[in-house]
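Sequences listed follow chains A and B, in order. The first sequence runs 1 to 180 under the numbering used here. The second sequence runs 181 to 360 under the numbering used here. We put the beta carbon where it would ideally sit given N, CA and C, even for glycine.
2 protein chains.
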Amino acid sequence: MGKVIVHATITLDGFMADPDGGIDWMFGFSSVDEDGELVSNVMKELGAIVGGANKTQTIEEGEIPYGGMLKIPVFEMTHEAREPIERDGITYTFVVDDITHAVEAAKAAAGEKSVAILGGSISRQCLKLGLVDEIQLHVVPLLLGEGISLFGGLGQQIKLERIETAAFASETHLRYRVVK
Amino acid sequence: MGKVIVHATITLDGFMADPDGGIDWMFGFSSVDEDGELVSNVMKELGAIVGGANKTQTIEEGEIPYGGMLKIPVFEMTHEAREPIERDGITYTFVVDDITHAVEAAKAAAGEKSVAILGGSISRQCLKLGLVDEIQLHVVPLLLGEGISLFGGLGQQIKLERIETAAFASETHLRYRVVK
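Laid out in structure tokens, this is it:
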């Protein structure tokens, strides 16, 4: 069975987005070369995605994991039950509140491949629940100063083991195993 | 003239110390091999140190930059004027509140060598004042969950350029140039 991987692009000060959720700053570092290849390699490992409940956007409004490039099942955390939808060849299944269940369902859907956890709050919750096997970060060379943090508010010590470090055009790619 | 370098060991979630200032967690990752050699190489570049005002400890109580291994002038920010002291071959000069002055004095003392900025608050203030040339981080493989942050509260976007990335036994060493 595949692994559960917290997968995020962050600034050097650990932010995934502006305070209002914007990621315009990211495009200055968009990578068409080796960086892009490494991100693609990570994406090839994935068989399913678990996304956090997003307060500001719904799937219909355009929030698509990996820009829709990855045609794999998406399990979205929600606070209210709703039917699955299919859009551009991707099935979105909605899971009410139970994160452990969402991760289990994603693992089953992913088969031999891995599950990506996307989003700060859900990543921290999964880390606290001991559900995460690895953390893969793409660190852009920027201090954002303020914003939506990946690890902020974790409130718990978690030991890691460095698996991989790579640096290309602009980003630094860090991969860690969670020590259980 | 040398550079002004923010130099810090941080956890993957960006903490320099526990909420109470403790760094016991760091010693699990203390490096006697290649990591130590890289840290030593950075230390060899340094000609002076600027340290932040420390609310909990005084120099006399035992807070010594680099454990006293580096016999170079230390400029300590304080809120009240006091005479310089010498201890174990290191001169500590106290600078009241004016960080720009402290950095200038340290640069003069360092000559051709570089100045290390140690401490979260002073590092952020120096970054905001445009005084920093480089950031050198040693990232230990740990999520601390809470603590004293290096970049938290910066509140300002600062563009960086990756200069160096290295990974050895446990730590990941990231070096950035501040884009001015």
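Distance, residue j Cα to residue i Cα
i, j, result
"B:K339", "B:Q305", "16 Å"
"B:I315", "B:A296", "9 Å"
"A:L127", "B:T191", "16 Å"
"A:D97", "B:P264", "59 Å"
"B:P253", "A:G120", "42 Å"
"B:Q336", "A:E80", "37 Å"
"B:V275", "B:E266", "15 Å"
"A:I111", "B:V219", "According to the sequence provided, residue 111 of chain A is Gly. The question's Ile does not apply to it. Approximately 43 Å, taken between the alpha carbons."
"A:R177", "B:H281", "44 Å"
"B:G332", "A:E146", "8 Å"
"B:T258", "A:F27", "41 Å"
"A:A169", "B:I244", "38 Å"
"A:P19", "B:P199", "24 Å"
Chain-ordered neighbours of residue i on chain A, where CB pairs are closer than 9 Å
i, result
"B:R355", "The contacting residues do not exist; B:R355 stays about 10 Å from chain A at best."
Interface partners of residue i on chain A, CB under 7 Å
i, result
"B:F331", "D13 and L143"
"B:E341", "P141"
"B:S350", "R162"
Rounded Cβ spacing between residue i and residue j (contact assumed at less than 8 Å)
i, j, result
"A:I122", "A:V50", "7 Å"
"B:L311", "B:V283", "5 Å"
Cβ-Cβ distance between residue i and residue j below 8 Å
i, j, result
"B:V320", "B:E344", "no"
"A:S114", "A:E37", "no"
"A:Y92", "A:E76", "yes"
"B:G182", "B:G227", "yes"
"B:L317", "B:A188", "yes"
"A:I148", "A:G68", "no"
"A:D133", "A:I23", "no"
"B:L330", "B:G194", "yes"
"A:W25", "A:L143", "no"
"A:R162", "B:A347", "yes"
"A:I99", "A:L129", "yes"
Exposed unless 16 or more other CB atoms sit within 10 angstroms - verdict on residue i
i, result
"A:L174", "buried"
"A:L108", "In the sequence as displayed, the identity of residue 108 of chain A is Ala instead of Leu. So A:A108 counts as exposed."
"B:G147", "Past the boundaries of the shown model lies residue 147 of chain B; chain B is included only from 181 to 360, so the question cannot be answered."
"A:V32", "Its pLDDT being 49, under 50, A:V32 is placed unreliably in this model, and the coordinates cannot settle the point."
"B:V359", "exposed"
"B:A286", "buried"
Beta-carbon neighbours of residue i, restricted to chain A and to distances below 8 Å
i, result
"B:I338", "L142, L143 and G145"
"B:T189", "Going along chain A, no residue has its Cβ under 8 Å from B:T189, so there is no contact; the nearest lies around 14 Å."
Beta-carbon neighbours of residue i, restricted to chain B and to distances below 7 Å
i, result
"A:G155", "G325 and E326"
"A:A167", "R342 and T345"
Any non-hydrogen atom of the ligand SAH closer than 7 Å to residue i Cβ
i, result
"A:L144", "Of the ligands one can find in the structure shown there are none, so the ligand SAH has no counterpart to examine."
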